[in-house]
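Undergrad: Here the sequence shown is numbered in my numbering, starting from -2 and rising by one per residue.
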Amino acid sequence: MNRKNLRIAAPAAMLALALGLSACGAGNEDASAGETSAAAGDGVSGTLNGAGSSAQEAAVAAWKQQFQTANPDATVNYDPVGSGGGREQFIAGGVSFAGSDAYLSDDELAGAKKRCGSEVVEVPTYVSPIAVVYNLDGVDDLNLSPDTVAGIFAGKITTWDDAAIKADNPDAKLPSTKITPVHRSDDSGTTQNFTDYLSKAAPKVWTDEPAQTWPVKGGEAAEGTSGVISAVSGGNGTVGYADESQAGKLGMAKVKVGDEFVAPTPEAAAKVLETAKPVAGRATTDIAIDIDRTTEAAGVYPIVLASYQMACQSYPDAETADLVKAWLTYVTSPEGQDASAKAAGSAPLSGDFASTVQAAVKTIKAA
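See the structure below:
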């Protein structure tokens, strides 16, 4: 934890060691009040404003509760406007930090550096599966291959008794109900990750590039994670994509990986990061990673998002710098990771990768 200039190893094998994500986490036990207070940076004060990913909303709520308990003179505000909106507000200087389910693009990074007048601290805060959620009377279990998922969301598979879905579910009684795919209406990191999976795992069916904004006409649009869940829950034959922790009572499809169908669990999501690679050309404080969507390794669920928080390395005033540093120190601490795992069902950071993230956070300072 004292390594201030810790660099991510470039070779994939070294990165796999650094990405030691444990779905079980270090603590299924509650941290003591003293440990939480220390991790949360006891003694900071002021108001900290952030915005971004709606998929992070449950985790942020848990982090806020413990952080503000340890720092009663501090207030954290977070607007779940979506990842794209959060990044836009951060680059424009409207908020001090942003939450995003996609890392900054090269153009966004240039704008963020200009806003900050320094490097950007961009760190994964947890890993979470994106579930293909559905609501279909009489169908409690559903298997889908990548091409079938892509065909459904591209509007090429239109009824639940389609031959492609039957082939994935030979023993199921599938009705002829019309399929209503639901997608995000806002700029979304969840959409970016989902379309990245579709374009790489089913390139012959899904011909659009990965995008924050849903690229296909048709279907039903809903704002935010909660909007997608509400829309899917309110229909019959509906299907959408959302953070697994928010699925509630909806069905969640198993996705074909290699020769098996894998459910969207935190454990299966964490395993996919063993093949992730660092994004080239980034500063040591910018820990952006690319995920292998086409893995065939056993027990891996490839439709995942690495959820990031981003901040400036340098702020013009000490109060803001101290608040942001204390916030991210807590979020990336074992106590913060345990809180998000319990609240959002995420896979917490651990091992060398957690140390790398914490080293980046430690560089935050006042100009």
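Note that CB positions come from ideal geometry on N, CA and C, so glycine has one too.
(1) Among A208, A308 and Y298, whose alpha-carbon lies nearest the alpha-carbon of R290?
(2) Can you list, in chain order, the residues of its chain with a C-beta nearer than 8 Å to that of V321? Leave out the 5 residues immediately preceding and following it.
(3) Put S337 into one of helix, strand or coil per three-state DSSP.
(4) Cα separation between D287 and T353?
(5) Locate the beta strand (DSSP E) running through T326, then write down its first and last residues.
(6) From which residue to which residue does the beta strand (DSSP E) around Q306 run?
(7) State the Cα-Cα distance for the pair Y131 and S196, rounded to the nearest angstrom.
(8) Buried or exposed for N25, going by 16 or more other Cβ atoms inside 10 Å?
(9) Would you kindly report the start and end of the unbroken alpha helix (DSSP H) that includes N46?
(10) When the Cβ atoms of the segment 242 to 261 are set against those of the segment 274 to 285, are three or more pairs found closer than 8 Å?
(11) Can you tell me whether T371 is buried or exposed? The criterion is at least 16 other CB atoms within 10 Å of its CB, across all chains shown.
(12) Report the residue from P200, L270, T210 and Y123 whose alpha carbon sits nearest the alpha carbon of Y327.
(13) With DSSP as the reference, label G237 as helix, strand or coil.
(14) Could you give the DSSP three-state label for L346: helix, strand or coil?
(15) Check whether the Cβ atoms of P172 and D193 lie closer than 8 Å to each other.
(16) Reducing DSSP to helix, strand and coil, say where L141 ends up.
(17) Between the Cα of T317 and the Cα atoms of L302, G90 and S51, which residue gives the shortest distance?
(18) By Cβ distance below 6 Å, which residues in the same chain neighbour G186 in space, the five residues on each side in sequence not counted?
(19) Report buried or exposed for E119, applying the criterion of at least 16 other Cβ atoms within 10 angstroms of its Cβ.
(20) Can you tell me the Cα-Cα spacing of S347 and A336, whole angstroms?
(21) Can you give the Cα-Cα distance for A323 and Y75, rounded to whole angstroms?
(22) Please state whether DSSP places T33 in a helix, a strand or coil.
(23) Is it true that the CB of S42 sits closer than 8 Å to the CB of N68?
TA: According to the data block:
(1) Y298
(2) For V321, same chain residues with a beta-carbon under 8 Å away, outside a window of 5 residues either side, are L45, S93, F94, A308, C309, Y312 and I361 in chain order.
(3) helix
(4) 17 Å
(5) Not the beta strand (DSSP E): T326 falls in the alpha helix (DSSP H), residues A315 to V328.
(6) V301 to C309
(7) 21 Å
(8) At N25 the pLDDT is 34, less than 50, meaning the model places this residue with poor confidence; the figure from the coordinates comes in the next sentence. Exposed, by the Cβ-count rule.
(9) Looking at the DSSP string, N46 is not in any alpha helix (DSSP H); the run it does join, the beta strand (DSSP E), is G43 to G49.
(10) no
(11) In the structure as shown, the chain begins at -2 and stops at 364. Residue 371 is therefore absent and cannot be evaluated.
(12) When P200, L270, T210 and Y123 are compared, the shortest CA-CA separation from Y327 is found for Y123.
(13) strand
(14) coil
(15) no
(16) strand
(17) With distances taken between Cα atoms, T317 lies closest to G90.
(18) S50, S80, S97, D98 and A99
(19) buried
(20) 14 Å
(21) 16 Å
(22) Only weak support is given to the placement of T33: the predicted model assigns it a pLDDT of 41, under 50, and the value that follows is read from those uncertain coordinates. If DSSP states are grouped into helix, strand and coil, T33 belongs with the helices.
(23) yes
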